[in-house]
Structure formats: structure tokens, C-alpha cells
Amino acid sequence: MRTRTMVSVGAAAVGLVATALAAAPVASAAPAASTATQCETNFVCLYYHSSDYATSHGGNYGAVMETAANISDFKDWYFYKSAYGSDGAGLSVKNNAAYVTNWHPTKTYRVYYNSGYSCVYACQDIHGATSADLNSQLKNNDASGKFL
Amino acid sequence: MNRRHTLAVSLLAGTLAACGLAALSACSADTPAAGPAALPAAGPATAAGTPSGVPVIVDANDRPMPLDPYLLDPAQIAAIDKAQSVLVSRCMGRLGYDYPVTAESADPSGMGADAPTTRVDGYFGFQSMSHARKWGYHPEGGFPAADDSAGTHLPAQEGAALNGCAGQARQSLTGSSTGDPGDPDFVVRLKFDTLGKGTQDPRTLAVFAKWSACMKAKGHRYADPMKASGDPAWSRARLPTPQEVAVAVADQECRRDTNVVGVWYAVDYGYQQQAVQQNSARLAAAKAQMAAHLAAADRVLH
Chain A
1 MRTRTMVSVG AAAVGLVATA LAAAPVASAA PAASTATQCE TNFVCLYYHS
51 SDYATSHGGN YGAVMETAAN ISDFKDWYFY KSAYGSDGAG LSVKNNAAYV
101 TNWHPTKTYR VYYNSGYSCV YACQDIHGAT SADLNSQLKN NDASGKFL
Chain B
149 MNRRHTLAVS LLAGTLAACG LAALSACSAD TPAAGPAALP AAGPATAAGT
199 PSGVPVIVDA NDRPMPLDPY LLDPAQIAAI DKAQSVLVSR CMGRLGYDYP
249 VTAESADPSG MGADAPTTRV DGYFGFQSMS HARKWGYHPE GGFPAADDSA
299 GTHLPAQEGA ALNGCAGQAR QSLTGSSTGD PGDPDFVVRL KFDTLGKGTQ
349 DPRTLAVFAK WSACMKAKGH RYADPMKASG DPAWSRARLP TPQEVAVAVA
399 DQECRRDTNV VGVWYAVDYG YQQQAVQQNS ARLAAAKAQM AAHLAAADRV
449 LH
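Line by line, the protein sequences give chains A and B.
With our numbering applied, the first sequence corresponds to residues 1 to 148, in that order.
With our numbering applied, the second sequence corresponds to residues 149 to 450, in that order.
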């Protein structure tokens, strides 16, 4: 219950800022990965810190990686400074992502705890327009992800 | 003493429950008195009688697991996602935008025809020799082509409209604009916690060691099946290399020869059953909530 509440609070906070930012002009087409410091509609953002951590550390979610690409192995993708902190900036996303917020309005984002897009061990779904902490039990295997 | 007893009983009961749902003949064939199914001597669940509860199998994807009823299965996930998409499309239409219903990708589990239908997760790795021979450790069809269509930037007004419509869709499906119609967080935690315990259990570690020795004899050095399927070399290409296929085929042969899946399944089943017993009230509430979400989705789709 505690986690759920904090995730909701975190998601709401991110959402408010992102909505305000949406007033800025944006290109009609863009690469799947960007360097936006706050998550944008249609994208998914992976953060270095969990919502649990952020809630007890002044909203510090740490560095971010925003993408909409199919990523077969997170090891080649890196965190960069976000509007919510810089912890983890420069580190590979693989084995370091703790929190995911999905800004696609309808598509579920699936994190595969295995490289190569297969749920042969386990997957974690982040439903469209929701957020979740990634499970730390298999954190060392959070290896690939894509929108369903 | 209590923990030992509970685990042993739950392991046995779990296997019996699984057998009860399988064809009786298949269940009998799966429970030989000797052979590779015998549980390793170490571990918390070595009470008399338990070894006979370990099935001899190469594939557990058609066998139910105790947490299955409390997590969305693939068809339910597709229904929820489609309902949300329909709701957002209708809402956007009312605001003057053409926002088609989005199609779900084919084979989201990456396991093709061998994918379980009662759950999303395979838990025990690839369990199909025919898949290994054709696709190695890749999903059926290879990695999907790069697709960034989901990430197209939108004009500001349309983005704001979409966010509002997504909130309304969640309200319709869950009763709250911040509700989550996906898997309940705490059930997801139980799933990962039990899977973690299963992979660290002495019985599983012992059968991993046998599997590793089998692989070594075939010229492949991996400590456990996760290391083999997670070899970084496999993620470099969209399609499997001959080396990857060779390792994946050897993996399946060693799984068959050491009954990795049978032991791992029985151990994981025991931990999941224990989790269900210890969290019965919360799980019942979660299941009722899931049923409400699915009923709401059904009303949207029919």
C-alpha cells in the first residue's frame, strides 16, 4: 500500500511538470531516444532511483533514460541527468534501473528480465500511463524492454 | 522445523495439485521413484516422500503455478490494453482528433507457440528443443525491427488531450484516474521474490551444477541456464548465430538429461504455494480487483 501511494505521488508529480512542458514547441518527428530531462507523452522513462528512495530523499529519482525504442539489451544505454536528480548519470541502464514511468497513453511497456525480449524467466509490465518500481530481486537481469 | 515442514508439505501438495490438473497418465509417468527426478539431499524440503513429487519434464509452460490466478494472463493483458486504447480513441475522437486503436505486438512473450497461457512468465527459461534449433535464445522471428512509432513527439495540444484521455480511461477501468489496471504491485513482488528464492534454493543449485557439468562436457561453460541464455553475445544480432543455436540445443539436451525444469518447477511451485497461503486475504482482494478491471474492460469491448 505504501509503495502504491508513493508511486502515485511520484507519477502525479512527474505528470504535472510534463504537462506544463508540453506547451513548448516540439518537432513533429524525433528519434526514439531523446535527452529530455522530463518524460514526454508517448515515451517511457527509466530512472536510477526507485520511488521508495525518491520519496524519502526529497523527490530524487536520479538520472533518467527516455526512450520509445525496442531495446534488446539495456547495457548499451546510459542514464543522463534528469529534472529529478543526477545520481547514476553516465551509468549503463542495465542492472541500474529502479523505476519506470510509462507516458504512452495506451501501450504497456514490458521490461524483460533477460536480454532479447523474452519472458522465459520473468517480465514486468508497466501499463500505459502508469509507473512502477522495478523488482530488485532480479535487478541484475533487467535487460530488455519494449512497448507491446 | 516448522519452515522445513511447511516447505516440504507445500512442495508435495503443490505437485499433487499440478498433477491433479494434468492428465493422470502423464502425471504417473512424471513421478518415477528413481532417476534424475530425485531431489538433491540438501535443502529445506527433504522430508520423506518429497522426492517422488518432482516431475520429470522438459517443459512446464503447460502446467499451472499457484500465483497464476492473481496475475493477468496474456489474454487478459491484451483485453485491458485494448479496452484502454478504445477508450482513449473514443475520447480523442470527441475532442476532434483521429487516434486509432493501437494494435498489440505479435508474440509479446517471445516464446512463440511454447508460451504459457495461464501466465506471462516462463520462469524456467526456454523449454523447447524445436525453438532452440530454429531460434537459439532469440524470440521466435528474431528481435523485432527498430520501431519508434510509439515515441513520436506530438503537438502540445494533442499531447495534453491524450494525457487527459488516458486519465479518463483509467477512471473507467479502475474507478480512479490514478488507478492501475495492471498487475497489483504486491503480487508482482511475490512473483519475483518466490522466483528469486527458487533460483537460490539448494535443490535448484544442485541441479544447476549437474546441468553445468553436462554443458561443460559438450564444450560450453556456463554456471546455470540463466547465464547461457543471457550470454551478451546473443543480443548483438537480430537473428541467432550458429554458435548460439549450438549452445541452445546443448542446453535443451542437458535440461532433459538432468531434469532441471522438473526440480526447478517443483521448488518454485512450493515457494509460490507458500506465498499464496501466507497472503490469502490480500490475494483474494487483489483477485477481486482484477476481476472488476476485467469486467470493466469487457463492457468496453462488447
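Glycine included, each C-beta is placed from N, C-alpha and C at the ideal position.
Nothing here was measured: the structure is a model prediction, and the numbers come from that model.
Go ahead and label B:Arg369 buried or exposed: buried means 16 or more other beta carbons lie within 10 angstroms of its beta carbon, across all protein chains shown. By the neighbour-count rule (16 or more Cβ atoms within 10 Å), B:Arg369 is not buried but exposed.
Interface flag, B:Val409 vs chain A, CB-CB below 7 Å: Taking Cβ atoms only, chain A never reaches closer than 7 Å to B:Val409, which makes this a no.
Run the CB neighbour count on B:Ala314, radius 10 Å, all protein chains shown included, and call it buried at 16 or more, exposed below. Buried is the call here.
Enumerate, from N- to C-terminal direction, the unbroken beta strand (DSSP E) stretches of 3 or more residues contained entirely within the region 76 to 114 of chain A. Inside the region 76 to 114 of chain A, DSSP marks whole beta strand (DSSP E) runs of 3 or more residues at positions 99 to 102, 109 to 112, from first to last along the chain.
Taking the beta strand (DSSP E) that B:Tyr271 belongs to, which residues open and close that run? Counting along the chain, B:Tyr271 sits inside no beta strand (DSSP E), nor does DSSP assign it H or E at all.
Inter-residue spacing [alpha-carbon to alpha-carbon] between A:Trp103 and B:Arg318: Going by the C-alpha atoms only, they are around 13 Å apart.
Can you find at least 3 beta carbon pairs, one from the region 76 to 86 of chain A and one from the region 129 to 137 of chain A, that sit closer than 8 Å? In short, these stretches do not touch, since the Cβ pair count stays below three.
Opposite A:Asp133 in the DSSP bridges: which residues? DSSP lists A:Tyr99 as partners of A:Asp133.
Could you say if the region 55 to 63 of chain A and the region 110 to 128 of chain A meet the contact criterion of at least three C-beta pairs nearer than 8 Å? Too few Cβ pairs lie closer than 8 Å, so no.
Is the beta carbon of B:Leu431 sitting closer than 7 Å to the one on B:Tyr218? Yes.
With distance defined between alpha-carbon atoms, name the residue in B:Met259, B:Tyr285, B:Ala254 nearest to B:Asp399. Answer by Cα proximity: B:Tyr285.
When DSSP builds the beta bridges, which residues end up paired with A:Asp125? Looking at the DSSP assignment, A:Asp125 forms a beta bridge with A:Arg110.
Contacts that A:Leu148 makes with chain B (C-beta to C-beta distance below 9 Å): Per Cβ cutoff of 9 Å: Ile225, Ala226, Asp229, Glu252, Ser253, Pro256.
Measuring straight from C-alpha to C-alpha, what distance separates B:Gly258 and A:Glu40? Going by the C-alpha atoms only, they are around 28 Å apart.
Mind checking who A:Ser144 pairs with in its DSSP beta bridge? Looking at the DSSP assignment, A:Ser144 forms a beta bridge with A:Tyr112.
Using only CA atoms, which one of B:Gln425, B:Gln316, B:Gln422, B:Val415 lies nearest to B:Ala231? Closest option to B:Ala231, Cα to Cα, is B:Gln316.
Pairwise C-alpha distance: B:Gly289 and B:Leu353: Going by the C-alpha atoms only, they are around 32 Å apart.
Just how far apart, CA to CA, sit B:Gly323 and A:Thr67? Their Cα atoms are separated by approximately 29 Å.
Counted within 10 angstroms of its Cβ, other Cβ atoms place B:Ala445 as buried (16 or more) or exposed: Buried is the call here.
Around the C-beta of B:Gly244, are 16 or more other C-beta atoms found within 10 angstroms, so that it is buried, or is it exposed? Flag for B:Gly244 reads exposed.
Which residues of chain A have a Cβ atom closer than 7 Å to the Cβ of B:Met471, listed in chain order? Beyond the ends of chain B as shown, which are 149 and 450, falls residue 471 of chain B; an answer cannot be given.
Pull the bridge partners of A:Val44 from the DSSP assignment, please. Its beta-bridge partners are A:Thr67, A:Asn102.
Cα separation between B:Arg267 and B:Leu220? One C-alpha to the other measures close to 7 Å.
Could you please tell me which residues of the region 306 to 332 of chain B, in chain order, have their CB closer than 8 Å to any CB of chain A? Flagged, chain order: Gly307, Ala308, Leu310, Asn311, Cys313, Ala314, Gly315, Ala317, Arg318, Thr326, Asp328, Pro329, Gly330, Asp331.
Less than 7 Å between the beta carbons of A:Asn42 and B:Thr342, yes or no? Contact: no.
Does B:Tyr413 come out as helix, strand or coil in the three-state DSSP assignment? It is helical.
Going along chain A, which residues have a C-beta under 7 Å from B:Val236? Under a criterion of Cβ atoms nearer than 7 Å, the residues of chain A adjacent to B:Val236 are, in order, Pro105, Thr106.
Using a Cβ-Cβ cut-off of 6 Å (strictly less than) and excluding sequence neighbours within five positions of B:Ala329, which residues of its own chain qualify? In the sequence as displayed, the identity of residue 329 of chain B is Pro instead of Ala. Only Ile228, Leu321, Thr322, His441 meet the Cβ criterion.
Out of B:Ala381, B:Ala308, B:Ala254, which one is the CA nearest neighbour of B:Met240? Nearest option by C-alpha distance: B:Ala308.
Assign B:Pro203 to one of two classes, buried (16 or more other C-beta atoms within 10 Å of its C-beta) or exposed (fewer than that). With 16 or more other Cβ atoms from the protein chains shown falling within 10 Å of its own Cβ, B:Pro203 counts as buried.
Taking all protein chains shown into account, decide if B:His450 is buried (16 or more other Cβ within 10 angstroms of its Cβ) or exposed. When all chains shown are included, B:His450 counts as exposed.
Applying a beta-carbon distance threshold of less than 7 Å, which residues of chain B neighbour A:Asn135? The contacting residues are Val336, Arg337, Phe340.
For B:Ala308, the three-state DSSP class (helix, strand or coil): Helix at B:Ala308.
Using a Cβ-Cβ distance under 7 Å, would A:Ala97 count as near chain B? Not closer than 7 Å to any Cβ of chain B, the Cβ of A:Ala97 fails to qualify, so no.
Measuring only the C-alpha atoms, how far is B:Gln391 from B:Ala254? Whole-angstrom Cα-Cα distance: 27 Å.
Quick one: list the residues of chain B neighbouring A:Gln124, beta-carbon separation under 7 Å, in chain order. By Cβ distance, chain B contributes Val336.
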